[in-house]
Amino acid sequence: MEKILKKALESTGKAEVFYGDYRTAEVSYENGKLKTVSSVRMTGAGLRLIKDGRLGYASTTDFSQSDRLVTAALDTAAAGPRARFDFPGDPGKIDSIDSVKERATKLGISEMVEMGAKYVEKLKKLAPDCYPDTSITVEHDRTRILNSSGLDYESEGAMYHVYFGATVIKGSDVLMVPAFKIPLEDEYDPELAAEEAAEKIRMAEKVVEAKTGPTTVLFSPMGLDSMLMALGAGFNGKYVELGVSPIKGLTGTKALSDKLTVWNDPTVRYWYRSGALDQEGIRTEKRALIREGVIGEPYYDLLTADMYGRRSTGSGYRNGFEAPPSPSVSLMAVEPGDKEVSEMLASMEEGLYVDFCLGAGQGNVLAGEFSNNIGLGYKVEGGKIVGRVKNLMIAGNAYDALKDNIISVGSRRGFSMTMCLAPHVLVDKVSVTAKK
Amino acid sequence: MDFRGIMADAISSYKGRADYLEVRIEQREATSLLYRLAEADSVSVKLVLGGSVRALADGGWGFAAFNDLAAVGKACEDAVTSARYVGSCLPASEKVSLARVTTAYDEVDLGISRGAKDVTLSDKMRVLGEYAQILAKSDPRVVSSHVRYGDFYVRKYFANSEGAYIVSEGSDMNASFGASAMKEGRPVEAFEGVGSTLDFTDLEGKHDVAREVVETCIETLDAEPVKAGVYTVVCDPHLAGVFIHEAFGHLSESDFIAENEDARKMMTLGRRFGQDFLNVADEPVPAGLRGSYKYDDEGTPAVTAPLITNGLLVGRLHSRETAAKMGEPTTGNARAVNHKFAPIVRMRNTVIRPGKADFDQLIGDIKLGIFAKAAYGGQTMIEQFSFSAREAFMIRDGKLAERVRDVVMAGNLFETLLNIEGIGSDFRWTGHTGGCGKGGQFPLPVMMGSPSIRIKNVVVGGR
Numbered sequence: 001m002e003k004i005l006k007k008a009l010e011s012t013g014k015a016e017v018f019y020g021d022y023r024t025a026e027v028s029y030e031n032g033k034l035k036t037v038s039s040v041r042m043t044g045a046g047l048r049l050i051k052d053g054r055l056g057y058a059s060t061t062d063f064s065q066s067d068r069l070v071t072a073a074l075d076t077a078a079a080g081p082r083a084r085f086d087f088p089g090d091p092g093k094i095d096s097i098d099s100v101k102e103r104a105t106k107l108g109i110s111e112m113v114e115m116g117a118k119y120v121e122k123l124k125k126l127a128p129d130c131y132p133d134t135s136i137t138v139e140h141d142r143t144r145i146l147n148s149s150g151l152d153y154e155s156e157g158a159m160y161h162v163y164f165g166a167t168v169i170k171g172s173d174v175l176m177v178p179a180f181k182i183p184l185e186d187e188y189d190p191e192l193a194a195e196e197a198a199e200k201i202r203m204a205e206k207v208v209e210a211k212t213g214p215t216t217v218l219f220s221p222m223g224l225d226s227m228l229m230a231l232g233a234g235f236n237g238k239y240v241e242l243g244v245s246p247i248k249g250l251t252g253t254k255a256l257s258d259k260l261t262v263w264n265d266p267t268v269r270y271w272y273r274s275g276a277l278d279q280e281g282i283r284t285e286k287r288a289l290i291r292e293g294v295i296g297e298p299y300y301d302l303l304t305a306d307m308y309g310r311r312s313t314g315s316g317y318r319n320g321f322e323a324p325p326s327p328s329v330s331l332m333a334v335e336p337g338d339k340e341v342s343e344m345l346a347s348m349e350e351g352l353y354v355d356f357c358l359g360a361g362q363g364n365v366l367a368g369e370f371s372n373n374i375g376l377g378y379k380v381e382g383g384k385i386v387g388r389v390k391n392l393m394i395a396g397n398a399y400d401a402l403k404d405n406i407i408s409v410g411s412r413r414g415f416s417m418t419m420c421l422a423p424h425v426l427v428d429k430v431s432v433t434a435k436k
Numbered sequence: 437m438d439f440r441g442i443m444a445d446a447i448s449s450y451k452g453r454a455d456y457l458e459v460r461i462e463q464r465e466a467t468s469l470l471y472r473l474a475e476a477d478s479v480s481v482k483l484v485l486g487g488s489v490r491a492l493a494d495g496g497w498g499f500a501a502f503n504d505l506a507a508v509g510k511a512c513e514d515a516v517t518s519a520r521y522v523g524s525c526l527p528a529s530e531k532v533s534l535a536r537v538t539t540a541y542d543e544v545d546l547g548i549s550r551g552a553k554d555v556t557l558s559d560k561m562r563v564l565g566e567y568a569q570i571l572a573k574s575d576p577r578v579v580s581s582h583v584r585y586g587d588f589y590v591r592k593y594f595a596n597s598e599g600a601y602i603v604s605e606g607s608d609m610n611a612s613f614g615a616s617a618m619k620e621g622r623p624v625e626a627f628e629g630v631g632s633t634l635d636f637t638d639l640e641g642k643h644d645v646a647r648e649v650v651e652t653c654i655e656t657l658d659a660e661p662v663k664a665g666v667y668t669v670v671c672d673p674h675l676a677g678v679f680i681h682e683a684f685g686h687l688s689e690s691d692f693i694a695e696n697e698d699a700r701k702m703m704t705l706g707r708r709f710g711q712d713f714l715n716v717a718d719e720p721v722p723a724g725l726r727g728s729y730k731y732d733d734e735g736t737p738a739v740t741a742p743l744i745t746n747g748l749l750v751g752r753l754h755s756r757e758t759a760a761k762m763g764e765p766t767t768g769n770a771r772a773v774n775h776k777f778a779p780i781v782r783m784r785n786t787v788i789r790p791g792k793a794d795f796d797q798l799i800g801d802i803k804l805g806i807f808a809k810a811a812y813g814g815q816t817m818i819e820q821f822s823f824s825a826r827e828a829f830m831i832r833d834g835k836l837a838e839r840v841r842d843v844v845m846a847g848n849l850f851e852t853l854l855n856i857e858g859i860g861s862d863f864r865w866t867g868h869t870g871g872c873g874k875g876g877q878f879p880l881p882v883m884m885g886s887p888s889i890r891i892k893n894v895v896v897g898g899r
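Chains as they are written, first to last, in the working numbering: chain B, 1 to 436; chain H, 437 to 899.
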């Protein structure tokens, strides 16, 4: 790394090397059967430099090519965006935030195989007609940023996440039950997961009809994905500055329900992206994107902030070393409310419980528009789940649905597919379209 | 670097401890460019060298990926150890075997005429910068626009313990154009993409495409969101292609059915899935398409796989593992998006064969329907799926009427395919940008070929 930086500094005064060492181990079961054990290790470096006021980026996994890396980065800088910023120097004393889930670093392959086996066996017992699928994945990353301003920052993140699902086919009826867990303060319990999956299968045994029209909908954290994606994009400083975000000009205004508070939170313990500095070396801070319905500040990385005369909010993150940083939240976390899911269900006279939507993100996300076929959803009558619904679409706009129509917010949180931490949310007047 | 020697040494050292061993190495160069409005927003290049080892031992799979070539031995050790461990956990009935294939010893030239490496970065910037100018400057109502370009060139080396050795190339260059304008505080958008695998020249002179994106964006400002309901929908070739990919292609991937008795029963060959005039296939040809190749990433020769013929299920897509499990011929559909992943069963170029109807015949007797154009995307959970259109128009009394927006459709495998009631003659290839995602592997270059199709009783979401 020092060599690459030194070489780059022969051609320009501003440069940064980001080194990443990413290790993944995974055990997967398909159709109830142990399928494969895999391990992946990727190491490489990304070189970012500013030459003649323009920013370039190149990466390599082949350290014997460091001369070519520098040449490539200089080439991209000749064509790259204007950049007036300098890379940040040593931040001085910083708090340490624990981004290493210790159990992830200690999970061995045989233990992961056993976790999967426990889930599969228990689920087969509880729901003999299903084919269980599960994968247990450990990710362990080490990164280091070294730049021409004197920053030398190393960080480490470790997590494990578990997908646990099942497929049930009866004639031409296919039920897929997806679920996953990223343990933070707690640990994954395969038998509890099997009970959860079995319960979802049991609730779906009967297929029932649902009606077209405005409907009260209880969204699980996964079911909220379309709306969470809209908020994630809407607060991106780039889209706000370009003028295409619906939150543009609304900072400080109450534009959403006072039941809704959403954090960009880099301080959550055991989250792999948590840390005192972001992946550009800027101090992070827990910030409210939405506080009781009042719109907060957008998030910026260095380049976006520089382009529009703002300050980085410590939101420059990378997907590995192969691409430059971009504005991104460390963890989007929706503040929990005070209702148990059972209470929320019990409060519903008639409506739907939506656990998973098809096509999240495939539409005009930034505008907040969503229109999804319900992948896994249930009908609720008199406070009870009465069966599964199929061939049914829900639609709306996140900014409208989350403004006037939030009835209540759940007290316990889980991860959505887009890796946001969110509770269940009960929303009124969601448009539902049925086949009949 | 002597990749062949490195791979041969690794295989000969470890093949005694596995029933099957394969080593893949890739050398890849890729460029990404992004213009926002008329300015460069991000320009980056990556140089990737890496590989992976997959081992089958005692009927179990192990996999290890690396990018330090000095670590090939360690990866072999890890893959073999994992495979033996998995194998030891499996009862005899669950052990994996592989279908036999001709052992290939080949070097495949893709026939690139002017590829990603033959065009300088400044030439790429100049060509794309012109489109960025058009998008950003031709209408003041456009508040944001982008040109997103990505290319790669990869040389892939494949060797296995059966003696196969294949060197092949992969190539892709594509650009997508987008424009946004604001309506009541929220953006409306329009998109289009262009691309090529063999010739950057195909991406040149596309100024009209950029202009059309602006026009579509401005026209969409006046469009109302579609009114929810159940409609007869005519899909243009692009959306029809995405529809068949989601509705049926994924279900043809045998890894889902091979191990699931109930799924096998549901997918019995000979079952009716469409009307007599529906014919669907997945093809590794013609040359130059994003899903075309001679060998898949297991070294299996790729052949056309007919899937639906005259409305009846006639075949499916296989890896060596699924072909052996189901006792069916291999098709060469095992693909890996890059060296970090093991090959899994994927589509290539998926087609609906053309029919005879012209467009006016397709819409002529529709009293109230929707003409939906181009695709944002689609997703499937096998029986239930969704697909969304980038653009749409109402059809009223057999004629195209006003533009509408936010058209997303729900499908049901066993109903929607049977509801295809008309197939056009306007076949074309689409899918020059983007790609398919499965099992964390995204974006895999695939294409779709289809004429316009007409589907009845489609649930369209909205307010």
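Glycine included, every Cβ here is placed at the ideal spot set by N, Cα and C. Keep in mind that this is a model prediction, so the values were computed, not measured.
Pair within 8 Å by beta-carbon distance, residue i and residue j
i: Ala476 (chain H); j: Leu571 (chain H); result: no
i: Gly316 (chain B); j: Gln279 (chain B); result: yes
i: Leu564 (chain H); j: Ala611 (chain H); result: yes
i: Phe938 (chain H); j: Ile799 (chain H); result: This structure leaves residue 938 (chain H) out entirely; chain H is present only between 437 and 899.
i: Ile295 (chain B); j: Val262 (chain B); result: no
i: Phe588 (chain H); j: Ala466 (chain H); result: yes
i: His424 (chain B); j: Phe219 (chain B); result: yes
i: Leu231 (chain B); j: Ala398 (chain B); result: yes
i: Trp497 (chain H); j: Val537 (chain H); result: no
i: Arg464 (chain H); j: Val590 (chain H); result: yes
i: Ile889 (chain H); j: Ile780 (chain H); result: no
Proximal chain B residues relative to residue i, where beta-carbon distance stays under 9 Å
i: Ile818 (chain H); result: Thr167, Ile169, Val174, Met176
i: Ser755 (chain H); result: Within 9 Å Cβ-Cβ: nothing; Ser755 (chain H) doesn't reach chain B, min ~13 Å.
i: Val522 (chain H); result: Val27, Leu34, Lys35, Thr36, Val37, Val113
i: Phe588 (chain H); result: Ordered by position in chain B, no residue passes the 9 Å Cβ test against Phe588 (chain H), which lies about 11 Å from the chain.
i: Gly547 (chain H); result: Those do not exist, as Gly547 (chain H) stays about 27 Å from chain B at its closest Cβ, beyond 9 Å.
Neighbour list for residue i in chain H, Cβ cutoff strictly below 7 Å
i: Gly49 (chain B); result: In the sequence as presented, Gly is not what sits at residue 49 (chain B); that position holds Leu. Chain H residues near Leu49 (chain B): none, gap ~12 Å exceeds 7 Å.
i: Tyr131 (chain B); result: Asn696
Buried or exposed by the 16-neighbour rule on C-beta atoms within 10 Å, applied to residue i
i: Phe878 (chain H); result: exposed
i: Ala72 (chain B); result: buried
i: Ser333 (chain B); result: According to the sequence provided, residue 333 (chain B) is Ala. The question's Ser does not apply to it. So Ala333 (chain B) counts as buried.
i: Met562 (chain H); result: Residue identity differs from the one stated: residue 562 (chain H) is Arg in this sequence, not Met. Burial call: exposed.
i: Ile442 (chain H); result: buried
i: Lys14 (chain B); result: buried
i: Ser135 (chain B); result: buried
Partners in chain B for residue i, counting only beta-carbon separations shorter than 8 Å
i: Lys776 (chain H); result: Val40, Met42
i: Val481 (chain H); result: Tyr57, Ala58, Ser59, Ala72, Ala73, Asp75, Thr76
i: Glu850 (chain H); result: In the sequence as presented, Glu is not what sits at residue 850 (chain H); that position holds Phe. Ser172, listed in chain order.
i: Pro576 (chain H); result: What Pro576 (chain H) touches in chain B: nothing, since even the nearest Cβ is about 12 Å away.
Per-residue contacts from residue i into chain B (C-beta, under 7 Å)
i: Cys525 (chain H); result: Leu34, Val113
i: Asp477 (chain H); result: Pro81
i: Glu695 (chain H); result: Glu30, Asn31, Lys33
Per-residue contacts from residue i into chain H (C-beta, under 8 Å)
i: Ile394 (chain B); result: Gly897
Residue i Cβ short of 7 Å to the ligand COA heavy atom set
i: Val365 (chain B); result: Annotation note on the ligand COA: not contained in the displayed structure, which lists no ligands.
- prompt: Which ranges would you report for the alpha helix (DSSP H) in the stretch 642–703 of chain H if only whole runs of at least 4 residues count?
  reply: 643–657, 673–680, 691–694, 697–702
field: chain B contacts from the stretch 701–729 of chain H (Cβ-Cβ distance under 9 Å)
entry: Within the stretch 701–729 of chain H, the residues whose Cβ lies closer than 9 Å to some Cβ of chain B are Lys701, Met702, listed in chain order.
Residues of the stretch 504–516 of chain H whose Cβ lies closer than 9 Å to any Cβ of chain B, in chain order: Asp504, Leu505, Ala507, Lys510, Ala511, Asp514, Ala515
- prompt: Where are the beta strand (DSSP E) runs, 3 residues long or more, that stay fully inside the stretch 266–328 of chain B, in chain order?
  reply: Whole beta strand (DSSP E) segments, 3+ residues: 287–291.
query: Taking any Cβ of chain B, which residues in the stretch 594–627 of chain H have a Cβ under 8 Å from it, in chain order?
result: Ser616, Met618, Gly621, Arg622, Pro623, Val624, Glu625
message: Under 7 Å, CB to CB, which of the residues in the stretch 784–813 of chain H have a partner in chain B?
response: Tyr812, Gly813
task: Note down, in chain order, all residues in the stretch 176–191 of chain B with a beta-carbon under 7 Å from any beta-carbon belonging to chain H.
output: Listed by position along the chain: Met176.
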